[in-house]
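These notes concern the structure reproduced below.
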Amino acid sequence: MDDDLVARIGPLPRKHGLLGAMLLETKPYRTTDIRRDPRFQWWPDAHPRMTSFLGVPIVSRGKVIGAFYLADKRGAAEFTQADQETIEMLAAHAAVAIENARLYARSRELSVVEERNRLARDLHDSVVQTLFSISLTAEAAAENLTLDPGKARSEVENLRDLAREALQEARDLIFELRPGSLELEGLVPTLQKHVDVVRRISQKDVTLSTAGYDRQSSELEKELFRISQEALNNAIKHADATLIAIELTSGDGLVLLTIADDGVGFDPSDPQIRTRRLGVTSMEERAEELGGSLSIQSHSGVGTRVQVEVPIV
Numbered sequence: 001m002d003d004d005l006v007a008r009i010g011p012l013p014r015k016h017g018l019l020g021a022m023l024l025e026t027k028p029y030r031t032t033d034i035r036r037d038p039r040f041q042w043w044p045d046a047h048p049r050m051t052s053f054l055g056v057p058i059v060s061r062g063k064v065i066g067a068f069y070l071a072d073k074r075g076a077a078e079f080t081q082a083d084q085e086t087i088e089m090l091a092a093h094a095a096v097a098i099e100n101a102r103l104y105a106r107s108r109e110l111s112v113v114e115e116r117n118r119l120a121r122d123l124h125d126s127v128v129q130t131l132f133s134i135s136l137t138a139e140a141a142a143e144n145l146t147l148d149p150g151k152a153r154s155e156v157e158n159l160r161d162l163a164r165e166a167l168q169e170a171r172d173l174i175f176e177l178r179p180g181s182l183e184l185e186g187l188v189p190t191l192q193k194h195v196d197v198v199r200r201i202s203q204k205d206v207t208l209s210t211a212g213y214d215r216q217s218s219e220l221e222k223e224l225f226r227i228s229q230e231a232l233n234n235a236i237k238h239a240d241a242t243l244i245a246i247e248l249t250s251g252d253g254l255v256l257l258t259i260a261d262d263g264v265g266f267d268p269s270d271p272q273i274r275t276r277r278l279g280v281t282s283m284e285e286r287a288e289e290l291g292g293s294l295s296i297q298s299h300s301g302v303g304t305r306v307q308v309e310v311p312i313v
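End of the sequence shown sits at 313 in the numbering used here; the numbers just go up one at a time, nothing left out.
Below, the structure is given as structure tokens:
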């Protein structure tokens with residue numbers, strides 16, 4: 001192809017006669033004099049006049065997304081088949097580049113949505129849990145303010161500690177959303193500390209059994225900890241349970257986590273549960289991300305049993 005070809009790249013407004021019509025056609029157009037085409041019209045008045053012409057659409061998934069327009073070949077009266085083939089090759093590369101750019105943009109959009117959902121979930125499962133504990137402690141302190149000032153003082157001290165914990169959790173959200181103690185100490189000590197706090201604040205009978213559990217990867221333990229937090233919070237806040245038992249075991253390539261309570265129970269199939277409690281969906285998503293599953297067994301008046309089963313990677 002002549003190096004002196006003049007290229008004009010579309011798309012152009014479709015109202016502009018021939019060139020606009022080409023944006024609807026997937027086949028190239030080549031002519032010795034574009035002015036002879038009945039669809040041709042000049043625009044605007046200052047636009048250069050053209051004779052020989054080659055138009056090649058940029059086609060992606062069967063649709064025209066742009067076009068290469070070349071006019072007035074220098075040194076020759078018309079564009080050749082070789083010229084057309086060269087531009088067709090460029091158009092094919094352009095289509096791939098444009099489609100890749102679109103896919104990349106779409107991927108970034110999806111990543112933003114996923115990250116937003118992850119942040120909402122982790123915010124709910126970390127800071128919200130601690131704030132819930134602060135709320136319980138504040139209520140206990142208020143009740144004991146006149147009845148037992150000494151105990152009220154102790155509860156206020158707990159409030160201070162929980163507020164510091166909430167601050168740390170907020171920092172964890174900023175720095176990869178991982179509790180520092182979980183990274184350093186592992187799931188069992190971190191979960192035991194959490195259970196101790198919940199037991200002291202809620203005055204519920206919460207037990208933790210970890211016999212037979214071997215420490216796993218930090219990512220797996222992080223998700224199991226968040227699931228435990230959510231299930232425990234639901235048992236206290238929604239189920240009005242008095243006895244909550246957490247059991248954690250590992251073996252035969254699986255980790256099993258069970259949280260059972262003697263609360264009022266609910267209907268897991270009720271679609272309203274999803275709208276009222278983000279935590280149920282959150283727990284399921286976390287289990288699925290680990291390649292496992294989460295099941296909820298519950299009936300009115302007989303309590304709830306949440307069981308998570310995930311493979312050891």
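C-beta atoms are modelled at their ideal positions from N, C-alpha and C, and glycine is treated no differently.
Here Q203 is exposed, its C-beta having fewer than 16 other C-beta atoms within 10 Å. Listed in chain order, the non-local C-beta contacts of R215 below 8 Å within the same chain comprise G186, L187, V188 and E221, local neighbours out to five positions each way being set aside.
Within its own chain, the residues whose Cβ lies closer than 7 Å to the Cβ of E230, once the five positions on either side in sequence are excluded, are D125, G279, S282 and M283, listed in chain order.
About 5 Å separates the beta carbon of T258 from that of Q307, a gap short enough to meet the 8 Å contact definition. Judged by DSSP in its simplified three-state form, Y213 adopts coil rather than helix or strand. DSSP, reduced to helix, strand and coil, places E88 within a helical segment of the structure shown. P28 has its alpha-carbon roughly 15 Å from the corresponding atom of D37. In the structure shown, the three-state DSSP call for E25 is coil.
Between the alpha carbons of V198 and R61 lies a distance of about 57 Å. Linking S269 to I296 through their CA atoms gives a straight-line distance of about 10 Å.
Annotated three-state conformation of A245 is strand, per DSSP.
Between the alpha carbons of E247 and G253 lies a distance of about 17 Å. Contact annotation: A82 and I58 have beta-carbon atoms that are not nearer than 8 Å. Taking C-beta atoms under 8 Å as the contact rule, T190 and Y213 fail to qualify, at a distance of about 13 Å. Rounded to the nearest whole angstrom, the C-alpha separation of S218 and V310 is 14 Å.
In the three-state reduction of the DSSP assignment, S300 falls in the coil class, being assigned neither a helical nor a strand state. In the three-state scheme derived from DSSP, where H, G and I count as helix and E and B as strand, Q229 is classed as helix. Secondary structure of Q129 (DSSP, three-state): helix.
The secondary-structure analysis by DSSP pairs E143 with nothing; it has no beta-bridge partner.
Annotated three-state conformation of A239 is coil, per DSSP. Just measuring C-alpha positions, the residue of E288, L159 and D267 sitting nearest H299 is D267. Contact check for R286 against I227 passes: the beta carbons are separated by less than 8 Å.
Per DSSP, the continuous alpha helix (DSSP H) segment holding L187 begins and ends at L187 to S202. Straight through space, the alpha carbons of G291 and N158 are spaced by roughly 38 Å.
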